[in-house]
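Below you'll find the structure, written out as structure tokens, and then a few comments.
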């Protein structure tokens, strides 16, 4: 029914506003949907997803495919068609990630007849408690992804996975890796991030000669075993956010290292041998530690592109830093005692970003800073100064002139221009 309009100041009726019954129903549906409707729609969506899974299973048999994708299908269990279909025995890869799988025993019971299975993805599910022992019966596995579950333990006989090359179990609740993992002679990538590990498998490290990527960040590891020296093929090592107080010099045997992340620990110094011999390093992250100095051997890392020293007690950088000609990013934020940038750093013409915020002791940049012609961002903001009058870092005046080659391309935050020296004979 049409609503009567209000009278205006002139006394004439305003134009009538018509609201139909259909409009009222649609408004109620949009503004206050019924809970039952939402559940019904969700169930219908999951039903369609399951129908898609069944269609994919059928196609595996028809087209003799070796890959079955059942990811993000709302599955609470493995479809009955999987263990019943003889055509699935040829499968090499199965993806069950991003579902609602709860029982690992049921999952591996449904897959154990697939004798050729090499790649299995069970990430982002609700698998909980200890991983079932049935998992180790699938001895053909080469890649296994169990990330983002609630697993508390791995089977003691995980050594049965003798062909395993990649194992990813990040974001679970594991407290240890069984010692039988020493049988993983072909392991290349091991991801243990975000668990509750207190130690690395000391004995197993001596057997992992093929390991290239070891990620054990965000755990509670207190010590790096000296047997780390056996990982001579190691290219990436992530031990950030642990409880480490020291790093063994034996790590220097890992001469192929390209990335070393030791950030957010309690490390007091870095053995000089590591920097002297790991000359392939491209990224070195040492933030949030207790470092007071960087060894002169840092100059040996001529391929270093990213160096992170934020949140330490570093006072300056060694003159040899000038030999790191590939350096592009340098982060020294929150080093209150940092007071000097070596003049030799002017040789680092490939520098693109320096972040030196909250370095209250840094009074000025060297005159050689004008050689940083590729600089894109220079952050010298001091934040809260420790001492009044020392909160601003002085920048060579040439860096703020239009004649400077980097002018217009570089964003300078927090710095102030140095005063030009007065000529003799003038006041």
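Residue numbers (my numbering): 1 to 427. By construction, the Cβ of each residue, glycine as well, lies at the ideal position given by its N, Cα and C atoms.
With a Cβ-Cβ cutoff of 9 Å, do residue 223 and residue 196 count as a contact?
Not closer than 9 Å, so no.
Go ahead and label residue 41 buried or exposed: buried means 16 or more other beta carbons lie within 10 angstroms of its beta carbon, across all protein chains shown.
By the neighbour-count rule (16 or more Cβ atoms within 10 Å), residue 41 is not buried but exposed.
So, under 8 Å CB-CB, residue 266 and residue 244 are touching, yes? Tell me the CB distance rounded to an integer number of Å.
Contact holds; Cβ gap of about 7 Å.
Reference residue 159, options 141, 145 and 128, closest by Cα:
Scanning 141, 145 and 128 for the CA closest to the CA of residue 159 turns up 141.
Go through its chain and collect everything with a Cβ distance to residue 137's Cβ below 6 Å, but skip five positions before and after it.
So the list reads 112, once near-sequence residues are dropped.
Exposed or buried, what is residue 188 when buried is set at 16 or more other beta-carbons lying within 10 Å of its beta-carbon?
Answer is buried; the Cβ neighbour count reaches 16.
Mind checking residue 203: buried by the 16 CB within 10 Å criterion, or exposed?
Residue 203 is exposed by the Cβ-count criterion.
For residue 209 and residue 230, which I take to be in contact (beta-carbon distance under 8 Å), what is that distance rounded to the nearest angstrom?
Correct: roughly 7 Å between the Cβ atoms.
Cα separation between residue 177 and residue 183?
Computed Cα separation, rounded: 12 Å.
Of the residues 82, 340, 322 and 46, the one placed nearest residue 98, counting alpha carbons only
The shortest Cα separation from residue 98 among 82, 340, 322 and 46 belongs to 46.
Just how far apart, CA to CA, sit residue 407 and residue 165?
Computed Cα separation, rounded: 50 Å.
Please state whether DSSP places residue 94 in a helix, a strand or coil.
Taken through DSSP and simplified to helix, strand or coil, residue 94 comes out as strand.
Identify, in the order they occur along the chain, each residue of the same chain with its Cβ nearer than 7 Å to the Cβ of residue 23, setting aside the five sequence neighbours on each side.
The answer is none, since no qualifying residue turns up.
Alpha helix (DSSP H) containing residue 179: first to last residue?
For residue 179, there is no enclosing alpha helix (DSSP H), as DSSP gives it neither H nor E.
Three-state secondary structure (DSSP) at residue 369?
Residue state, collapsed to three classes: helix.
Could you work out which residue in 215, 171 and 211 is closest to residue 191 when comparing CA atoms only?
It is 215.
Would you list the one or two residues that DSSP bridges to residue 396?
Bridge partners of residue 396: none, in fact.
Please report the straight-line C-alpha distance between residue 115 and residue 247, rounded to a whole angstrom.
Each residue's alpha carbon lies about 43 Å from the other.
Say yes only if the C-beta of residue 251 is nearer than 8 Å to one or more non-hydrogen atoms of the ligand COA, and no if none qualify.
The ligand content of the structure shown is nil, which means the ligand COA is not present either.
Whether residue 131 touches residue 120 by CB criterion (9 Å)
By the CB criterion at 9 Å, residue 131 and residue 120 fall outside the cutoff.
Whole-angstrom Cβ separation of residue 315 and residue 339, contact assumed at under 8 Å?
Contact between residue 315 and residue 339 holds, with the beta-carbon distance rounding to 6 Å and staying under 8 Å.
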